[in-house]
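Read in the working numbering, the sequence shown has 113 at position 117, and its numbers run on one by one without any break.
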Amino acid sequence: MDLSQEKDIDFYGRMRRKFKTRAAVFFSELHSPIPQEFNIPLSNTFSSISLLYQTSKKIETHLHIDPLELKLLQEEYSKDPYFTNILEELSKSESFKGYHLSPDQLILFQDSLGRNRLCIPKSMTSSIMNETHDSIMGTAHVGFKRSYARIANSFYWPGMSRDIRSYITTCPTCQQIKHARHLPYGLLQPIPIPSQPFEVITMDFIGELPFSKNYNTIFVLVCKLTKFTFFIPCTTNLTEEQAARMFFDKIVTLVGLPKQIISDRDTQWRNNFWKEVCLATGSKRALTATYHPQADSQTEILNQTIKVAIRAFINSSRDNWVDLLPYLSFAYNNTPHTTTKFTPSFLLYGFQP
Ligand SMILES: [Zn+2]
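Here's what the structure looks like:
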């Protein structure tokens, strides 16, 4: 069987053709893949790192718009003083101060990151904030920065930062949960800069949680570069061998072996764990991974985020969090990270799911 391709697959071209027939979906500004370089600021300690991704030239506007919603948006633009002005300018020229029109006559705003964001008239901003901040597939009651980043990934309206801040400060669920004000203090050692996704990972456990389907802990693995995170349900009495097996099945088979693992587990646990991972890979070569056992502020932030989300959505018998994990994981990986400014999914896959 000949498996060679006659020509490169034009993924974005196929998507354009596929969605042309569906009125409920529009893809705007989609370009065929070309290599693109992203400059990711890593943290205060490092300068930055550039990564080459095979992706679209512009970050695509990928919005599912219901025909009724489309009509509503068009009607509300005409009632909104700010966007009425923009529409008037756009009737004279194709673009105005970053604004332009989609084929459906929706106003798009192109920001400094190249994202074409759907403009939301004032009368519809509360429902956008509600759908994003209050939903489990949205940001699940995270604080201002992450809620803002998620909304700003797709939407734009003037004064949105002020509006989102005020929405969150008055959100009843957030008032009950009370977000932690600061992280535990500690001396942080710099961690070497990874050059590719999943080269350096953080391994941590969130627990102890109430039992759900016989699990009471979450095994959390974070890629230091893209911040892509895996959440795996497990138990507090997980042995090194079981952890290694899980790690191999769920992580190594997808993204390969890391060069470095950051974990606060003791030396003996880490050594046994790594020995088991090597056994699972079937390699007789001495694979090595170095460890940085220090506290990691990003992990603390993530743990806090997940705990808040679980508390916000857990049922009264407190036994459904295992069922919520896939949703939370999707929400987490598709919210722009405060450090990289991109979503972990986009940085790992090169497209926004
Ligand atoms: Zn909230």
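We treat Cβ as the ideally placed atom computed from N, Cα and C, and that holds for glycine.
Using only the alpha-carbon positions, how far apart do Gly346 and Lys337 sit?
Along the sequence shown, read from residue 1 onward, the residue named residue 346 stands at position 350. Along the sequence shown, read from residue 1 onward, the residue named residue 337 stands at position 341. For Gly346 and Lys337, the distance between alpha carbons rounds to 14 Å.
Counterpart residues of Phe227 in DSSP-defined beta bridges:
To locate residue 227, count along the sequence shown from 1; it is residue 231. Looking at the DSSP assignment, Phe227 forms a beta bridge with Val216.
Separation of Ser143 from Thr169, as counted between CA atoms:
For the purposes of this step, residue 169 is identified with residue 173 of the sequence shown, where counting begins at 1. For the purposes of this step, residue 143 is identified with residue 147 of the sequence shown, where counting begins at 1. Those two C-alpha atoms are separated by around 14 Å.
Distance, Cα to Cα, Thr334 vs Ser162?
Residue 334 sits at position 338 when you count from the first residue of the sequence shown. Residue 162 sits at position 166 when you count from the first residue of the sequence shown. Each residue's alpha carbon lies about 19 Å from the other.
Considering Arg146, what are the terminal residues of the alpha helix (DSSP H) in which it resides?
Here the question's residue 146 lines up with position 150 in the sequence shown. Looking at the DSSP string, the run of the alpha helix (DSSP H) that includes Arg146 is Phe140 to Ala148.
Shorter than 7 Å, the distance from the beta carbon of Cys167 to the closest heavy atom of ligand 1, or not?
On the sequence shown, residue 167 is found 171 positions in, with the first residue counted as 1. Flag set: Cβ of Cys167 near ligand 1.
heavy atom of ligand 1 below 7 Å from Asp354 C-beta:
For residue 354 there is no data in the structure shown, the boundaries of the chain being -3 and 349.
Can you tell me whether DSSP reads Gln256 as helix, strand or coil?
By one-based count along the sequence shown, residue 256 stands at place 260. The answer is strand: DSSP assigns Gln256 an E or B state.
Measuring CA to CA, which of Ser313, Ala305, Asp107 and Asn268 is closest to Pro322?
Counted from its first residue, the sequence shown places residue 322 at position 326. Checked all of Ser313, Ala305, Asp107 and Asn268; the closest Cα to Pro322 is Ala305.
Beta carbon of Asp159: closer than 7 Å to some heavy atom of ligand 1?
Numbered from 1 along the sequence shown, position 163 holds the residue referred to as residue 159. No; taking the cut-off as 7 Å, the Cβ of Asp159 has no heavy atom of ligand 1 nearer than that.
Considering only the beta carbon of each residue, do Val251 and Pro340 sit closer than 8 Å?
As a first step, residue 251 must be located in the sequence shown, where it is residue number 255. As a first step, residue 340 must be located in the sequence shown, where it is residue number 344. Not a contact, by the Cβ cut-off of 8 Å.
For Lys303, which residues in the same chain have their Cβ closer than 8 Å to its Cβ, ignoring the five residues on either side in sequence?
Translated into the one-based positions of the sequence shown, residue 303 becomes position 307. Counting only Cβ-Cβ distances below 8 Å, and skipping sequence neighbours, we find Ile202.
Using 10 angstroms around the beta-carbon of Ile198, count the other beta-carbons present and answer buried if the total reaches 16, otherwise exposed.
Residue 198 sits at position 202 when you count from the first residue of the sequence shown. At residue 198 the sequence reads Thr, which differs from the Ile that was named. Under this definition Thr198 is a buried residue.
In the DSSP assignment, find the beta strand (DSSP E) that holds Met199 and state where it starts and stops.
Along the sequence shown, read from residue 1 onward, the residue named residue 199 stands at position 203. Its beta strand (DSSP E) spans residues Val196 to Ile202.
Using DSSP with H/G/I as helix, E/B as strand and the rest coil, what is Arg113?
Residue 113 sits at position 117 when you count from the first residue of the sequence shown. Correct three-state label for Arg113: strand.
Buried or exposed: where does Lys93 fall if 16 or more other Cβ atoms within 10 Å of its Cβ makes it buried?
Reading the sequence shown from its first residue, position 97 is the one you call residue 93. By the neighbour-count rule (16 or more Cβ atoms within 10 Å), Lys93 is not buried but exposed.
Short of 7 Å in beta carbon distance, which residues of its chain neighbour Phe226, apart from the five on each side in sequence? Order them along the chain.
Indexing the sequence shown from 1 puts residue 226 at position 230. Spatial neighbours of Phe226 in its own chain (CB-CB distance under 7 Å, excluding positions within 5 residues in sequence) are listed in chain order as Leu217, Lys246 and Ile247.
Exposed unless 16 or more other CB atoms sit within 10 angstroms - verdict on Gln172
Stepping through the sequence shown from its first residue, residue 172 is reached at position 176. Gln172 comes out exposed.
Taking 7 Å as the cut-off, is the C-beta of His129 nearer than that to any heavy atom in ligand 1?
Counting from 1 along the sequence shown, the entry for residue 129 is found at position 133. Flag set: Cβ of His129 near ligand 1.
Let me check one thing: in DSSP terms, what residues is Phe105 bridge-paired to?
Taking the first residue of the sequence shown as 1, we reach residue 105 at position 109. Its beta-bridge partners are Tyr95 and Arg113.
Of all the options Leu64, Asn212 and Tyr152, which has the alpha carbon lying nearest to the alpha carbon of Tyr78?
Walking along the sequence shown from the start, residue 78 turns up at place 82. Among Leu64, Asn212 and Tyr152, the Cα nearest to that of Tyr78 belongs to Tyr152.
Go ahead and pull the three-state DSSP assignment for Ser162.
The count along the sequence shown starts at 1 and reaches residue 162 at position 166. In this structure, Ser162 counts as helix in the three-state DSSP scheme.
Host alpha helix (DSSP H) of Asp243 (start-end)
The sequence position of residue 243 within the sequence shown is 247, counting from 1. According to the sequence as given, residue 243 is Phe; it is not Asp. That run of the alpha helix (DSSP H) goes Glu236 to Phe243.
Looking at C-alpha atoms only, which residue of Pro206, Asn212 and Lys220 is the closest neighbour of Glu195?
Mapped onto the sequence shown, residue 195 falls at position 199. It is Lys220.
Check the C-beta distance from Thr128 over to Ile116 and give it rounded, since I have them as a contact under 8 Å.
Reading the sequence shown from its first residue, position 132 is the one you call residue 128. Reading the sequence shown from its first residue, position 120 is the one you call residue 116. Contact flag wrong, Cβ pair sits at about 11 Å.
Looking at C-alpha atoms only, which residue of Glu236, Asp159 and Asn149 is the closest neighbour of Ser119?
Numbered from 1 along the sequence shown, position 123 holds the residue referred to as residue 119. Nearest of Glu236, Asp159 and Asn149 to Ser119, Cα basis: Asp159.
Could you compute how far the alpha carbon of Cys230 sits from the alpha carbon of Glu236?
Within the sequence shown, residue 230 is the residue found at index 234, counting from 1. Within the sequence shown, residue 236 is the residue found at index 240, counting from 1. Cα to Cα, the separation comes out at about 12 Å.
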